[in-house]
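**Student:** Below you'll find the structure I mean.
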């Protein structure tokens, strides 16, 4: 039987997926970013009506930008609600932001539309290949190699997220097993894992727990299966929530990693080998972190909004684009990579940083505490309401099946107390019976905002308004 | 440690390979071969991009190199 090698022995021993790129000195990286940004500004200004209009209106010409500082200060920010209305222009399905002929577009995706009209995304083949490749540094870091077997435990749908992981796995050189299909119940997926012995489980952390529960119900110990790695995305994962990492790893007897993506843009931030944060993929994008109130760049270690300029999609350029992700940036990391590091990943969203009784509360901060509660499951909701002119956040939570009902009150009290100690705010906790809360395969929705529209996040409001206006 | 001499040599060879591909791409007239050449060029462009060489975003977008 022919025995080929997917990589040379020298590559198999490499510490990084791409040491040259991942450890490029900062001054060299910044010089490269500036050259690429100048090219992109010129390209977008001359090919995209959206950017021509935006820059003319703001009195900015591509030739005015001669430093990264110029770029951050002078080039206007872009945001999802600015792009979406132009997608209704006849014959321009992806809107007038589009910078190339439609014949280049080979793959269509769209956002889920949970906050309004779906955003349509047209990607070239090259963008698909690039974003797929963007997952690989995180995989390589935790020890996944091309001889591993990926198991995709979800339906793909029109949402770009896990499609990109599929492209990445193929590019990586791995074998892929699909767990997609209407007939695929969680039980069927467990049976496939037993039968086909994949080593890498790809799904949201929430679904990894669900699948582990189902396996146990079938009398199978998930930690004793062939799974050695879990790859997560679609919700705050192991890089953001340390307890989640510990629990996924304990459930499946595996190592975990994740990739932060944005549904509308082919850009990724792979998790760090140190396990407590994410790195900006600086071959895919340039990023800086902005104080949402002053608009200035934050100092190292301070929390701000991640603003990105994508290098991977020439069909739809995204320049100085607001991600609304709150991150804490560092310019160095003990892992040795020079790519911008976000300690503890995404800390929350600018649109969902809620002020409760004068205290700023981040969603992931609450989730971290819940995950640390031994009795807690991964099934919970944060219900946000407006009462007597103030925000109120209530936690609804399912406990493990072996926790007797008479302990519900004491566990709720323990969680309230822990949140008060660590966040300085008291949040009501409501324990609900097992199987009460909805289960999701992708895009787990934990924060349920029931406030009147005028109190809802600016982003969600704008999208809703543009939909109503038919803009 | 990355061997810079090896990288420089690779960059030179990849640029040359792209030039050779371009010579045939528009003239061959065999759709299957032309598409394969274009995909090969895309991957070569990606190598240059990852090594900090390429500035234009895609092989089809002209620039200085």
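Protein chains in written order, with my numbering: chain A, 120 to 590; chain B, 45 to 109.
Using N, Cα and C, we set each Cβ at its ideal position, and we do this for glycine too.
In this text, all values refer to a predicted model and were calculated from it rather than measured experimentally.
Could you tell me if residue 270 (chain A) is buried or exposed, where buried requires 16 or more neighbouring beta carbons within 10 angstroms of its beta carbon?
**Tutor:** The residue given as residue 270 (chain A) occupies position 151 in the first chain. That one is buried.
**Student:** Report buried or exposed for residue 261 (chain A), applying the criterion of at least 16 other Cβ atoms within 10 angstroms of its Cβ.
**Tutor:** Against the first chain, residue 261 (chain A) aligns to sequence position 142. Buried: at least 16 other Cβ atoms inside 10 Å.
**Student:** Should the region 355-375 of chain A be regarded as contacting the region 216-228 of chain A, the criterion being three or more beta carbon pairs within less than 8 angstroms?
**Tutor:** These segments do not touch.
**Student:** Kindly indicate the opening and closing residues of the alpha helix (DSSP H) around residue 151 (chain A).
**Tutor:** Position 32 of the first chain, counted from the start, is the residue given in the question as residue 151 (chain A). Here the alpha helix (DSSP H) through residue 151 (chain A) covers 145-166.
**Student:** Is residue 96 (chain B) close to chain A, meaning its C-beta is less than 8 angstroms from at least one C-beta of that chain?
**Tutor:** Here the question's residue 96 (chain B) lines up with position 52 in the second chain. Interface residue, yes.
**Student:** Could you say which of A:531, A:428, A:415 and A:509 lies nearest to residue 385 (chain A) if we only look at CA atoms?
**Tutor:** As a first step, residue 385 (chain A) is located in the first chain; it is residue number 266 there, counting from the start. Checking every option, the nearest Cα to that of residue 385 (chain A) belongs to A:428.
**Student:** Could you check the C-alpha separation between residue 555 (chain A) and residue 530 (chain A) for me, to the nearest Å?
**Tutor:** Counting from one through the first chain, the residue named residue 555 (chain A) turns up at place 436. Counting from one through the first chain, the residue named residue 530 (chain A) turns up at place 411. Those two C-alpha atoms are separated by around 18 angstroms.
**Student:** At a CB distance below 9 angstroms, what residues from the region 395-413 of chain A approach chain B? Give them in sequence order.
**Tutor:** Per Cβ criterion, the list reads 402.
**Student:** Going along the region 369-393 of chain A in order, which residues come within less than 7 angstroms of chain B, judged by CB to CB distance?
**Tutor:** Listed in sequence order: no entries.
**Student:** My understanding is that residue 293 (chain A) touches residue 330 (chain A), with C-beta atoms under 8 angstroms, so please give their C-beta distance in whole angstroms.
**Tutor:** As a position in the first chain, residue 293 (chain A) is number 174, starting the count at 1. As a position in the first chain, residue 330 (chain A) is number 211, starting the count at 1. Not confirmed; about 20 angstroms, so no contact.
**Student:** To the nearest angstrom, how far is it from the Cα of residue 423 (chain A) to the Cα of residue 395 (chain A)?
**Tutor:** In the first chain, the residue the question calls residue 423 (chain A) occupies position 304. In the first chain, the residue the question calls residue 395 (chain A) occupies position 276. Rounded to the nearest angstrom, the two C-alpha atoms are 18 angstroms apart.
**Student:** What does the alpha-carbon distance come out to for the pair residue 160 (chain A) and residue 256 (chain A)?
**Tutor:** Start at 1 with the first residue of the first chain, and residue 160 (chain A) comes out as number 41. Start at 1 with the first residue of the first chain, and residue 256 (chain A) comes out as number 137. Their Cα atoms are separated by approximately 28 angstroms.
**Student:** Would residue 464 (chain A) and residue 355 (chain A) qualify as a contact pair, given that the criterion is a beta-carbon distance under 8 angstroms?
**Tutor:** Walking along the first chain from the start, residue 464 (chain A) turns up at place 345. Walking along the first chain from the start, residue 355 (chain A) turns up at place 236. Yes, they are a contact pair.
**Student:** According to DSSP, is residue 208 (chain A) part of a helix, a strand, or is it coil?
**Tutor:** In the first chain, the residue the question calls residue 208 (chain A) occupies position 89. Of the three classes helix, strand and coil, the one that applies to residue 208 (chain A) here is coil, per DSSP.
**Student:** In the DSSP assignment, what are the bridge partners of residue 349 (chain A)?
**Tutor:** Here the question's residue 349 (chain A) lines up with position 230 in the first chain. According to DSSP, which records beta bridges pairwise, residue 349 (chain A) is partnered with A:320 and A:375.
**Student:** Since residue 17 (chain B) and residue 92 (chain B) should fall inside the 8 angstroms C-beta cutoff, what is the C-beta to C-beta distance between them, to a whole number of angstroms?
**Tutor:** Since the displayed chain B opens at 45 and closes at 109, residue 17 (chain B) lies outside it and no answer follows.
**Student:** From A:474, A:565, A:498 and A:499, pick the residue whose C-alpha is nearest to that of residue 543 (chain A); which is it?
**Tutor:** Numbered from 1 along the first chain, position 424 holds the residue referred to as residue 543 (chain A). The option with the nearest alpha carbon to residue 543 (chain A) is A:474.
**Student:** For chain B, is any of its Cβ atoms less than 8 angstroms away from the one on residue 137 (chain A)?
**Tutor:** The residue labelled residue 137 (chain A) in the question sits at position 18 within the first chain. Answer yes: the Cβ-Cβ gap between residue 137 (chain A) and chain B drops below 8 angstroms somewhere.
**Student:** So with Cβ pairs under 8 angstroms, would you call residue 129 (chain A) a contact of chain B?
**Tutor:** By one-based count along the first chain, residue 129 (chain A) stands at place 10. Not an interface residue.
**Student:** For residue 50 (chain B), count the other beta carbons within 10 Å of its own beta carbon; 16 or more makes it buried, fewer makes it exposed. Which is it?
**Tutor:** Indexing the second chain from 1 puts residue 50 (chain B) at position 6. Residue 50 (chain B) is exposed by the Cβ-count criterion.
**Student:** Run through chain A and tell me which residues come within less than 8 angstroms of residue 105 (chain B), C-beta to C-beta.
**Tutor:** Counting from 1 along the second chain, the entry for residue 105 (chain B) is found at position 61. What residue 105 (chain B) touches in chain A: 162 and 433.
**Student:** Let me see if you follow: with CB-CB separation under 8 angstroms, is residue 55 (chain B) close to chain A or not?
**Tutor:** Taking the second chain and counting its residues from 1, the one referred to as residue 55 (chain B) is at position 11. By this cut-off, residue 55 (chain B) is not an interface position.
**Student:** Taking the beta strand (DSSP E) that residue 506 (chain A) falls in, what are its first and last residues?
**Tutor:** Here residue 506 (chain A) is taken as the residue at index 387 of the first chain, counted from 1. Note, residue 506 (chain A): beta strand (DSSP E), 495-506.
**Student:** Mapping DSSP to helix, strand and coil, what is residue 435 (chain A)?
**Tutor:** Taking the first residue of the first chain as position 1, residue 435 (chain A) is located at position 316. Residue 435 (chain A) falls in the coil class under three-state DSSP.
**Student:** Give the DSSP-derived three-state secondary structure of residue 405 (chain A) in the structure shown.
**Tutor:** For the purposes of this step, residue 405 (chain A) is taken as residue 286 along the first chain, with counting starting at 1. It is a strand residue.
**Student:** Please report how far the alpha carbon of residue 489 (chain A) lies from the alpha carbon of residue 379 (chain A), in whole angstroms.
**Tutor:** Looking up residue 489 (chain A) in the first chain gives position 370. Looking up residue 379 (chain A) in the first chain gives position 260. Taking the straight line from one Cα to the other gives about 21 angstroms.
**Student:** Under three-state DSSP, which class holds residue 137 (chain A)?
**Tutor:** The count along the first chain starts at 1 and reaches residue 137 (chain A) at position 18. Residue 137 (chain A) falls in the coil class under three-state DSSP.
**Student:** Is the shortest distance between the beta-carbon of residue 108 (chain B) and the beta-carbons of chain A less than 8 angstroms?
**Tutor:** The sequence position of residue 108 (chain B) within the second chain is 64, counting from 1. Confidence at residue 108 (chain B) is low in this model, with a pLDDT of 43, below 50, so its placement is unreliable and the value that follows should be read with caution. No, its Cβ sits nowhere closer than 8 angstroms to a Cβ of chain A.
**Student:** Are the CB atoms of residue 99 (chain B) and residue 158 (chain A) nearer to each other than 8 angstroms?
**Tutor:** As a first step, residue 99 (chain B) must be located in the second chain, where it is residue number 55. As a first step, residue 158 (chain A) must be located in the first chain, where it is residue number 39. Yes, these two residues count as a Cβ contact at 8 angstroms.
**Student:** What are the boundary residues of the beta strand (DSSP E) that includes residue 444 (chain A)?
**Tutor:** Numbered from its first residue, the first chain carries residue 444 (chain A) at position 325. Unbroken beta strand (DSSP E) run through residue 444 (chain A): 440-446.
**Student:** What does a CB cutoff of less than 7 angstroms around residue 455 (chain A) pick up in its chain, not counting 5 residues either side in sequence?
**Tutor:** Within the first chain, residue 455 (chain A) is the residue found at index 336, counting from 1. Closer than 7 angstroms at the Cβ level, and outside the excluded window around residue 455 (chain A), lie 142.
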